[in-house]
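Below is one structure, written out as structure tokens; the observations come after it.
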Amino acid sequence: MNYELGDEQELLRRTVREFAESRVAPVAEEIDREERFPYELVAEMAELGLMGIPIGEEYGGAGADTVSYAIAIEELTRIDSSVAITVAAHTSLGTMPIYLFGSEQQKREWVPRLASGESLAAFGLTEPNAGSDAGNTLTRAELRDGQWIVNGSKMFITNAGTDITACVTITARTGEDEISNIVVPNGTPGYDISPPMQKLGWRASDTRELSFKDVAVPEGNLLGPRGRGFNQFMEILDGGRISVAAMGVGLAQGAYDLA
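Here my numbering runs 23 ahead of the position in the sequence shown, where the first position is 1.
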């Protein structure tokens, strides 16, 4: 295999490294100490096209490959993990379910503003009793008169409660042996978001607990065929692990640099 990076990939690496060193590094300790979400940095990353790197240009993304995306996450993590996970979770977990499994109408509605960084998205999989055992989801969605009625809770969800978050895609039981993915817009009645969770690290990253009490969303907010949610989120997690691996490499590089 040829492990040499292409010219565009090298340019991206230099661009993200310069941004991380000049803009993120000076405030990283401060935003972590204050547990403050870095809206200004997210806006600047949006301007650089970093919030939708692997998303097709027709939907407002950069249209780059997965290696380029991993490079960007690695370079951000080298300086600050909170900023890196904000981008990684928004891209791999927030945008990708809609991009990969949404209808053309759903993609046109959501993806351009997510890929541009105008808005953020979250993915609600983990629950108090369902994390690694993702098939143990207890949140339920019942179809009534053309609407999904959602009841349940989610835990440790990234990017769900920022001022620019547009939606969360949740896993929910839509039948006895059936899990589906449903998009829930922020601001929907009955959808409550906890204050930011107190953490030992990544404290400038937005992490929340979500609760759903008779939350009604249109039947059309279902992603893909009903009952395909388990297969969908397993594919999403496979992609997400690439960015998490890139974070591991970047964090090790940052620690080595400091040492």
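Just so you know, even glycine gets a beta-carbon here, dropped at the ideal spot from N, CA and C. All figures in this text were calculated on a predicted structure; none of them were measured in a lab.
- Here the region 79-86 makes no contact with the region 197-214; the two share fewer than three CB pairs at distances below 8 angstroms.
- In the displayed model, Y26 falls within coil according to three-state DSSP, outside both helix and strand.
- Note that the region 50-63 touches the region 217-228; at least 3 beta-carbon pairs, one per stretch, sit closer than 8 angstroms.
- Per DSSP, the unbroken alpha helix (DSSP H) holding R136 starts and ends at E127 to A138.
- Taking 8 angstroms as the cut-off, the beta carbon of S266 is found closer than this to the beta carbon of A111.
- Cβ neighbours of A51 within its own chain (closer than 7 angstroms, five residues either side excluded): I102 and D103.
- Three or more Cβ pairs drawn from the region 131-149 and the region 172-192 lie within less than 8 angstroms of each other, which places the two stretches in contact.
- Per DSSP, the unbroken beta strand (DSSP E) holding R231 starts and ends at T230 to P241.
- Residue pairing by DSSP places P208 opposite C190 in a beta bridge.
- Measuring C-alpha to C-alpha distances from T162 to each of E150, T100 and Q170 identifies E150 as the nearest.
- Pairing I78 with T38 gives a Cβ-Cβ distance that is not under 8 angstroms.
- The C-beta distance from E97 to G273 rounds to 4 angstroms, short enough to fall under 8 angstroms.
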